[in-house]
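A.B. asks:
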Amino acid sequence: MTVAATVSPANGYDPFDLSAPHATWAKMRENKPVFQHKDTGYFIVTRHADIKAVFDDWQTFSSENAQAPMRPMCAEGRRIMTEGGFTAYSGLSARVPPDHTRIRKIVQGAFGPRRFKAIEPKIAQIVADALDRIAPLGRADFFRDVAYDVPAFVLFALVGIPDSDVQKVKAWSVSRAVLTWGELSDAEQLPHAHNMVAYWDYCRALVAAKRAIPGDDLPSDLLKLQAEGAEITDDEIAGVMYSVLFAGHETTTTLMANGVHTLLTHRDAWDAICADPALIPQATEEILRHAPSIVAWRRRAKADAQIGGVAVPEGSDILLLMGSGNRDETVFPHGEDFDIGRANARNHLSFGYGIHFCLGFQLAKLEFGIMLRQLTARFPDLRLTGDGKIDYLANVSFRIPSKVEITWGDAT
Ligand code: HEM
Numbered sequence: 015m016t017v018a019a020t021v022s023p024a025n026g027y028d029p030f031d032l033s034a035p036h037a038t039w040a041k042m043r044e045n046k047p048v049f050q051h052k053d054t055g056y057f058i059v060t061r062h063a064d065i066k067a068v069f070d071d072w073q074t075f076s077s078e079n080a081q082a083p084m085r086p087m088c089a090e091g092r093r094i095m096t097e098g099g100f101t102a103y104s105g106l107s108a109r110v111p112p113d114h115t116r117i118r119k120i121v122q123g124a125f126g127p128r129r130f131k132a133i134e135p136k137i138a139q140i141v142a143d144a145l146d147r148i149a150p151l152g153r154a155d156f157f158r159d160v161a162y163d164v165p166a167f168v169l170f171a172l173v174g175i176p177d178s179d180v181q182k183v184k185a186w187s188v189s190r191a192v193l194t195w196g197e198l199s200d201a202e203q204l205p206h207a208h209n210m211v212a213y214w215d216y217c218r219a220l221v222a223a224k225r226a227i228p229g230d231d232l233p234s235d236l237l238k239l240q241a242e243g244a245e246i247t248d249d250e251i252a253g254v255m256y257s258v259l260f261a262g263h264e265t266t267t268t269l270m271a272n273g274v275h276t277l278l279t280h281r282d283a284w285d286a287i288c289a290d291p292a293l294i295p296q297a298t299e300e301i302l303r304h305a306p307s308i309v310a311w312r313r314r315a316k317a318d319a320q321i322g323g324v325a326v327p328e329g330s331d332i333l334l335l336m337g338s339g340n341r342d343e344t345v346f347p348h349g350e351d352f353d354i355g356r357a358n359a360r361n362h363l364s365f366g367y368g369i370h371f372c373l374g375f376q377l378a379k380l381e382f383g384i385m386l387r388q389l390t391a392r393f394p395d396l397r398l399t400g401d402g403k404i405d406y407l408a409n410v411s412f413r414i415p416s417k418v419e420i421t422w423g424d425a426t
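First residue of the sequence shown: 15, per this note's numbering; consecutive thereafter.
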């Protein structure tokens, strides 16, 4: 067993900087695959096998810190949230057994392929409408003009809320991302604290509204299961909405944006799927591996443990770098290369692994597949434009680009 070395940003690694982390990750996989990061105190885990082993051992490595703020909320922010009645707790991802097992079983029942399949024509329509809007323009910011709204409209159909609420929920989601996974100053936290109060109010009001007038949607399904005897409280259902109204679109927006950017910077792959759309499912797996929406996720050691031979004491916080594990050469030969013909791309860790494995993975792939089919059919000559300078949101988990500028047809 070795004792973990500590590394600070001065040594070249800042977990909040997701602009171009891949070369640093590769060095860490090679030289310091598991180490304690000085400034955050987190144990950083970079190799595929170690990440998978931690995900798999939920008794030793709990997800209870998955939604904890990386930088604790300031006193004024806590006051705003307490006085605003903010009592939200994670829907699922930061819950642990037996509560997690109980709630997940119920939610899974309302979240199966049946509901996703039923929504497929609606997704196709939402994507077609978005592409109709940009078609006459000749150029667009694919992130802002297409990928931003489409998954939210899909999710809103699933959850049974009006499209007019998209902008509001999208804004709350950014607040949640930067408050939980970012490193805001005290003053910067305050407007986001107000947003979290509004967001939680909205989730609770949604459950109350669906109880009064049920619809053909996810919260109504959960209330129906509750009425039939399933053990889930109203606040737990609101908690699931709180999860899904974030996880259900933000990640898919990013998949679409990073996916299109990756394909357009690897022209052969774009041309290949234009020529043969049957390649889209395997291209999707390779995009998920190479350019995942969530590059890191957290766990906490519940006992003295070892990861990759490094001692990790009880109570330690752990940051699993799935973005790095996805490029681990021992699993993916030439892992830095993007190759839609890669046979084992689906062994990526982008949806997690084990008892918390993403519940929305089918929906995310379905939406992305529909998007790529329509995009390649309508805009085969799509290309990147602009200055190519993309910033990524400063936080440890979500690799969200600031823009993906595209053009097509004769526009220059
Ligand atoms: C590209 C899109 C997506 C990515 C990359 C993604 C990724 C993830 C990851 C990494 C986790 C944590 C897994 C773990 O701890 O082992 C997770 C959990 C979860 N995801 Fe997703 N997700 C995506 C889309 C979605 C969608 C569309 C939904 C819902 C409609 C969704 C709902 C959830 C839920 C409810 C959990 C918690 C599951 C649990 O703790 O039992 N996700 N996802």
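The C-beta atom is built at its ideal place from N, Cα and C for all residues, glycine as well. Computed from a prediction, not measured in an experiment: that's the story for all the values here.
Closer than 8 Å: is that where the CB of Y367 sits relative to any heavy atom of the ligand HEM?
C.D. replies: yes
A.B. asks: Between R360 and the rest of its own chain, which residues show a CB-CB distance below 7 Å, the 5 nearest in sequence each way excluded?
C.D. replies: E299
A.B. asks: On a CA-only basis, which of K238, E197, R218 is nearest R85? Give me that one, please.
C.D. replies: Taking R85 as reference, the option from K238, E197, R218 with the minimal CA-CA separation is E197.
A.B. asks: Would you tell me roughly how many angstroms separate the C-alpha atoms of S22 and L32, rounded to the nearest one?
C.D. replies: Residue confidence for S22 is low, a pLDDT of 45 falling below 50, so the modelled location carries little weight; the figure read from the coordinates is stated next. Approximately 16 Å, taken between the alpha carbons.
A.B. asks: Would you report the Cα separation of G383 and N358, rounded to the nearest angstrom?
C.D. replies: 19 Å
A.B. asks: Please report the residue range of the beta strand (DSSP E) in which I321 lies.
C.D. replies: 319-321
A.B. asks: Of all the options E343, G366, G368, Y367, which has the alpha carbon lying nearest to the alpha carbon of R356?
C.D. replies: Minimum Cα distance to R356 is reached at E343.
A.B. asks: Grab me the residues of E328's own chain with a C-beta within less than 8 Å of its C-beta, minus the 5 sequence neighbours each way, in chain order.
C.D. replies: Taken in chain order, the residues that qualify are A315, K316, A317, D318, A319.
A.B. asks: If contact is defined by three or more beta carbon pairs under 8 Å, each pair taking one atom from either stretch, is the segment 386-395 in contact with the segment 117-131?
C.D. replies: no
A.B. asks: May I ask you to check if the CB of A261 is nearer than 8 Å to at least one heavy atom of the ligand HEM?
C.D. replies: At least one heavy atom of the ligand HEM is nearer than 8 Å to the Cβ of A261, so yes.
A.B. asks: What's the call for Q203, buried or exposed, on a 16-neighbour Cβ count within 10 Å?
C.D. replies: That one is buried.
A.B. asks: Is it buried or exposed for A219, if we count other Cβ within 10 angstroms and need 16 for buried?
C.D. replies: Exposed, because fewer than 16 other Cβ atoms sit within 10 Å of the Cβ of A219.
A.B. asks: Where V174 and L302 are concerned, what is the direct C-alpha to C-alpha distance, given to the nearest angstrom?
C.D. replies: The question names Val, yet the displayed sequence has Gly at residue 174. Rounded to whole angstroms, G174 to L302 spans 28 Å at the Cα level.
A.B. asks: Kindly list the residues whose CB is nearer than 6 Å to the CB of G400, restricted to its own chain and excluding five residues on each side of it in sequence; keep chain order.
C.D. replies: E419
A.B. asks: In whole angstroms, what is the alpha-carbon distance linking L145 and H263?
C.D. replies: 18 Å
A.B. asks: For F371, verify whether its CB is less than 8 Å away from any heavy atom of the ligand HEM.
C.D. replies: yes
A.B. asks: What does DSSP give as the partner residue(s) for D331 in the beta ladder?
C.D. replies: R314
A.B. asks: Does the Cβ-Cβ distance between V410 and A310 come in under 9 Å?
C.D. replies: Result yes, Cβ atoms of V410 and A310 sit closer than 9 Å.
A.B. asks: Pull up the distance between the alpha-carbon of L169 and that of L259, whole angstroms please.
C.D. replies: The alpha-carbon atoms of L169 and L259 are separated by roughly 7 Å.
A.B. asks: Between W284 and F156, what straight-line distance do the alpha-carbon atoms span, to the nearest angstrom?
C.D. replies: 15 Å
A.B. asks: If you check the beta carbons only, do G368 and D70 fall under 9 Å apart?
C.D. replies: yes
A.B. asks: In this structure, how does DSSP classify V21 when only helix, strand and coil are distinguished?
C.D. replies: Note that V21 has pLDDT 47, beneath the 50 cutoff, so the model's placement of it is unreliable and the number below is only indicative. V21: strand per DSSP, three-state reduction.
A.B. asks: Is DSSP giving S416 helix, strand or coil here?
C.D. replies: coil
A.B. asks: If you check the beta carbons only, do M336 and L363 fall under 9 Å apart?
C.D. replies: Between M336 and L363, the CB-CB gap stays under 9 Å.
A.B. asks: Just list the residues that DSSP pairs V59 with in beta bridges.
C.D. replies: In DSSP, V59 forms a bridge with V48, L334.
A.B. asks: Tell me, please, which residues DSSP counts as bridged to A154.
C.D. replies: I420
A.B. asks: Note down, in chain order, each residue of its chain lying with its Cβ closer than 6 Å to the Cβ of K307, except the 5 sequence neighbours on either side.
C.D. replies: The amino acid occupying residue 307 in the given sequence is Ser; Lys does not appear at that position. Excluding sequence neighbours, S307 sits near T265, T268, L269.
A.B. asks: List the residues that DSSP assigns as beta-bridge partners of A201.
C.D. replies: Beta-bridge pairing links A201 to no other residue.
A.B. asks: Just how far apart, CA to CA, sit A207 and Y213?
C.D. replies: 10 Å
A.B. asks: With a threshold of 8 Å (Cβ to nearest heavy atom), would G105 be considered close to the ligand HEM?
C.D. replies: It does: the Cβ of G105 is within 8 Å (strictly closer) of some heavy atom of the ligand HEM.
A.B. asks: On the three-state DSSP scale, how would you describe A2?
C.D. replies: As shown, the chain starts at 15 and ends at 426. That puts residue 2 outside it, with no answer to give.
A.B. asks: Taking just the CA atoms, how far does A80 sit from T54?
C.D. replies: 15 Å
A.B. asks: Going by beta carbon distance, what residues of the same chain come within less than 6 Å of D235, once the five residues before and after it are set aside?
C.D. replies: A124
A.B. asks: How far does the alpha helix (DSSP H) with F382 in it extend, from its first residue to its last?
C.D. replies: 375-392
A.B. asks: Is the beta carbon of L333 less than 9 Å from the beta carbon of V110?
C.D. replies: no
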